[in-house]
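Residues 7 to 244 (our numbering) make up the sequence shown, in order.
C-beta: ideal position from N, C-alpha, C; glycine also.
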Amino acid sequence: MLATRDHDGAAIAEYHSVRRHGGLTEDQLVHLRVEAAPLPEGLNVRDYCGVLLGGSSFNISDVDKTPLQQRVEADLRRLIDDIVDADVPFLGMCYGIGTVTTHLGGVVDRTYTEGVGAVDISLTGAAADDPLCEGLPGVFKAFVGHKEACTVAPEGITMLATGEACPVQMYRVGTNVYVTQFHPELDEDDLEARMRIYSHAGYFDPEELDDLVAMARASGVDGSQHKILANFVRRYAQ
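Here it is, written out as structure tokens:
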């Protein structure tokens with residue numbers, strides 16, 4: 007699992023939510039924090055059953071980027087090049103859709119931002135035969151919260167899920183590379199913890215925190231979103 011969160015609490019919580027909802031033990035999920043140090047020399051994605059990329063405080067569409075963000079993006083770009091070209095099993099969540107979309111020549115900008123909350127995710131016809139969407143209802147709720155999104159999808163992708171306010175919610179590249187705009191790793195507890203960490207990061211008015219927590223508790227997000235993680239692990243883990 008590749009992480010870029012520059013807050014220790016958020017990075018650790020994200021790792022454990024992915025591990026828990028994916029059905030992995032700690033010794034099955036390697037955690038590489040790309041923001042903390044450059045990726046190890048000689049890192050070969052083919053040495054792993056699969057690669058996951060979590061969310062980020064960085065945005066691909068940022069105009070002014072710090073040296074750290076530029077280094078993180080360069081490190082990830084090299085890996086994404088290899089992952090897409092070799093069709094290595096990959097699941098990118100939120101920040102991952104921006105990274106892969108940019109690699110493939112699509113457009114990522116601030117047109118379809120979504121505030122923190124629960125939204126309806128609608129599967130496309132192509133999702134009916136996709137192994138990562140197995141067991142999902144045609145429409146389910148999941149948590150979102152992002153300042154940027156895919157505005158123009160790259161050519162050649164398979165669209166798997168859409169949304170009303172943000173049209174591109176999940177797609178596949180080739181056979182094994184997947185990205186989601188929504189967060190398949192978040193349940194109500196996970197979201198509350200993340201909101202408390204990022205309450206002053208510009209995703210929402212800090213005074214709205216308690217109302218947003220109550221919204222999350224009453225949102226109807228029922229765990230269907232976690233099937234994507236569980237299906238990814240079941241399909242690729244060895």
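Exercise for the section: Would you identify the three-state DSSP class for His-189, choosing helix, strand or coil? Expected result: strand
Problem - Exposure label - Pro-212; buried when at least 16 CB within 10 Å - result: exposed
Exercise for the section: Spell out a yes or no on whether the stretch 97-106 and the stretch 53-62 are touching, meaning 3 or more CB-CB pairs, one atom from each, closer than 8 Å. Expected result: yes
Exercise for the section: Can you grab the Cα-Cα spacing for the pair His-216 / Asn-182, in whole Å? Expected result: His is not the amino acid found at residue 216; the sequence shown has Asp there. Computed Cα separation, rounded: 39 Å.
Exercise for the section: Look up Leu-38 in the DSSP assignment and give the residues it is bridged to. Expected result: Leu-8
Problem - Thr-72 burial status per 10 Å Cβ neighbour count (16 or more: buried) - result: exposed
Handout entry: Proximal residues to Leu-218 (C-beta, below 8 Å), its chain only, five neighbours per side dropped
Key = Val-122, Gly-123, Met-201, Phe-210
Handout entry: Cβ-based burial, Cys-55 [other Cβ within 10 Å; buried from 16]
Key = exposed
Practice task
Compare the Cα-Cα distances from Gln-75 to each of Ser-230, Ala-43, Pro-137 and report the closest residue.
Solution key: Ala-43
Exercise for the section: Confirm, please, whether the CB-CB distance from Tyr-242 to Pro-46 is below 8 Å. Expected result: no
Problem - Cut-off 7 Å between Cβ atoms - residues of its own chain near Ala-167, not counting five sequence neighbours on either side - result: Ile-127, Ser-128, Leu-129, Thr-130, Ala-133, Gln-175, Met-176
Handout entry: Val-78, enclosing alpha helix (DSSP H) - first and last residue
Key = 73-92
Practice task
Would you mind stating whether Val-179 and Ile-163 have Cβ atoms separated by less than 8 Å?
Solution key: yes
Handout entry: Bridge-paired residues (DSSP) for Ile-127
Key = Phe-146
Handout entry: Helix, strand or coil at His-13 according to DSSP, with G and I counted as helix
Key = coil
Practice task
With DSSP as the reference, label Ala-224 as helix, strand or coil.
Solution key: coil
Exercise for the section: Take the Cβ of Gly-28 as the centre, count every other Cβ of all protein chains shown within 10 Å, and call the residue buried at 16 or more, exposed below. Expected result: buried
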